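The structure appears right after this line, and notes come after that.
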Amino acid sequence: MNRRDFIHTSCLTCAASVGLLSFLQSCTTNKYVSNFKVDQKKLSVKRAEFTVVKKGKTIQQKFILLKPENSPFPIALYQLPNDQFKALYLECSHQGCELNPYETALVCPCHGAEFNTKGEVTQGPAEASLKTFVTSSDAENVYIQLA
């Protein structure tokens, strides 16, 4: 294979991959929750908000999105293994763009920085982890300490 054929094949493969990934990505929807309470710098959301019924099937969401009043960015609340939760502020630590949350990562559309569901940088250019909030839970609710 000569250089020209290699470049042509590589470009076609990349283009096909991007098209396929964007199609798969569009099959999922992010769930914004508006039914939450804020009381003395603590936000509470029902655990049931992680459960969605679609076409008669019950689906357990990996995360939900919350947009507190007067907050420029939403908060992604991830449900982790062992009944743990992680609340991440969706502002990129690189240059302040709003992150796109996915089940296993958060991606900055501005410069491509990536973070895991614990808010840690997995790919630059960002160097600092995301802002996180202390969480706690009981049988019915998950609590996010805002300050």
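For the sequence shown, the residue numbers in my numbering are 44 to 190.
Glycine included, C-beta positions come from ideal geometry on N, C-alpha and C.
None of the values given here were measured: they were computed from a predicted structure.
Could you tell me which residues DSSP puts in a beta bridge with residue i?
| i | result |
| --- | --- |
| GLU141 | GLU134 |
| SER87 | LYS80 and TYR186 |
| LYS100 | LYS97 |
| LEU109 | VAL76 and ILE118 |
| LEU123 | GLN127 |
| THR165 | DSSP output for THR165 lists no bridge partner at all. |
| THR175 | LEU131 |
Is it buried or exposed, residue i, if we count other Cβ atoms within 10 angstroms and call 16 or more buried?
| i | result |
| --- | --- |
| ALA169 | buried |
| LYS98 | exposed |
| PRO115 | exposed |
| PRO117 | buried |
| TYR121 | buried |
| ILE107 | buried |
| LYS129 | buried |
| THR160 | buried |
| ALA119 | buried |
| LEU131 | buried |
| ILE102 | exposed |
Could you have a look at residue i and say whether DSSP puts it in helix, strand or coil?
| i | result |
| --- | --- |
| GLU183 | coil |
| GLU157 | strand |
| PHE116 | coil |
Alpha carbon to alpha carbon, what distance is there between residue j and residue i?
| i | j | result |
| --- | --- | --- |
| SER180 | PRO144 | 22 Å |
| ALA91 | GLU183 | 8 Å |
| THR178 | ASN113 | 20 Å |
| ALA171 | LEU133 | 13 Å |
| ILE187 | LEU86 | 5 Å |
| ARG213 | GLY155 | With the chain covering only 44 through 190, there is no way to say anything about residue 213. |
| LYS84 | ASN78 | 16 Å |
| HIS137 | VAL95 | 33 Å |
| LYS174 | GLY162 | 7 Å |
| LEU75 | LYS110 | In the sequence as presented, Leu is not what sits at residue 75; that position holds Tyr. Using only the alpha carbons, I get a separation of about 8 Å. |
| LYS80 | VAL88 | 7 Å |
| ASN125 | GLN104 | 15 Å |
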